[in-house]
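Taking the numbering used here, the leading residue of the sequence shown gets 546, the next gets one more, and so forth.
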Amino acid sequence: MHAELTNSTISESTQDKASQIIESCVHCGFCLATCPTYQILGDELDSPRGRIYLIKSALEQNQFTQKSLSHMDRCLTCRSCETTCPSGVEYGQLLEIGREIMESKRGKFQTLYRYLVRKALLTPIIFKPIGYFYRHSKISSKPIKPEIIQSRVLLMGGCVQPSLAPNINHSIKNILAKLNIEVLESSQGQCCGALDQHLAASSEAMKKVKRNIDNWI
C-alpha cells in the first residue's frame, strides 16, 4: 500500500514510521479473520485493513469525518490482527498515530465528554459507587494463605476491576496461594494507563506507566 504522507501536525519521524507501517500492508485480508469488530459488524471499515485506509486518508489528505472517528473508536486495540498478519504490520502503533491526529479534530462537546468519562473512571470516589451497580460478581470467600512461600509475585489490582469484578483478583490470589506463591500488592500506581491510551491521551498513559515502574522498582 503506497503512502505519500503530508500531514504537518505530526513530526517527520512519526510520518516516516506511519508510512513504513502503511506500506507494509499488502491487502491480503488475513486480519479480518481475527478482528472481533469485523466479525460482529461485517464492515470493511471496522477491520484493521479498513482503519489503515482511514488513517492513510487522514495523513495524506487530512480527510476524515465523524463516521471515520466512529470506526476508529470501535477498535478494541486487542491487536489480534497482528498475530495473523504475514507481513508483520505494526497495526497497534499506526492506530495510536491515527487516533492522536483524529482526536484533535473532534468537536468541543465530544472532547469534553471523553475527558469527563476518562476522569470519572479513574477517580475511585466517583467510579466505585457507579461500579457497585454494574458489578458482575462479589467476593465470595476469605483469601487463602499459602502454606509455604516458595516465591512471590506482584499483582497489579487495577482501577476498574476491583469495582466491577473484584472476584477476579480474589480468585487469582487463591490460585497462586494453592501454588505456594505469595501475592504482593502495590499500594500506589494501580492504574495501568490503558484507558488514557484508548482515549488518545498518550502522554497521560505514559505518566502512569512510568509511575508504576518507579513504584515497583
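Glycine included, each C-beta is placed from N, C-alpha and C at the ideal position. Just so it is clear, the structure is predicted and the values come from calculations on it, not from any experiment.
Near the ligand ATP: residue i beta-carbon under 8 Å from a heavy atom
i    : result
L657 : No copy of the ligand ATP appears in this structure; indeed no ligand is present at all.
Option in the options with minimal Cα separation from residue i
i    : options                : result
E568 : S632, A578, K612       : S632
S731 : I646, W761, Q606, S748 : W761
D618 : K753, G703, Q608, A745 : A745
R663 : I566, E749, S556, F575 : E749
K650 : S592, Q608, D561       : Q608
Q611 : K562, A710, L599       : L599
E648 : E635, S592, H743       : H743
Q655 : Q584, Y583, L614, A603 : L614
P604 : T622, I555, V698, E635 : The question names Pro, but residue 604 in the sequence shown is Leu. With distances taken between Cα atoms, L604 lies closest to I555.
D561 : K718, I726, R624, K601 : K601
N725 : A665, I566, P691, Q735 : P691
C587 : V634, I566, H616       : Rather than Cys, the amino acid found at residue 587 in this sequence is Gly. That would be H616, whose Cα lies nearest to the Cα of G587.
Cα-Cα separation, residue i to residue j
i    : j    : result
P581 : D759 : 35 Å
L661 : S696 : 41 Å
S558 : L721 : 44 Å
Y658 : I693 : 50 Å
H715 : P688 : 7 Å
L667 : V705 : 8 Å
G574 : R594 : 7 Å
I646 : K753 : 22 Å
V571 : K723 : 48 Å
K755 : R624 : 23 Å
V698 : M751 : 23 Å
I717 : T628 : 27 Å
P707 : K653 : 32 Å
Whether residue i touches residue j by CB criterion (9 Å)
i    : j    : result
C737 : N757 : yes
L639 : I597 : yes
L729 : L700 : yes
S564 : E641 : no
C626 : S592 : yes
Q584 : L590 : no
T622 : G643 : no
Length-filtered (3 minimum) beta strand (DSSP E) runs lying within the stretch 684-714: The stretch 684-714 is shown to contain whole beta strand (DSSP E) runs of 3 or more residues at 696-700, in chain order.
Residue ranges of each alpha helix (DSSP H) within the stretch 556-643, 4 or longer: List check, alpha helix (DSSP H) in window: 557-569, 581-586, 593-606, 611-618, 625-629.
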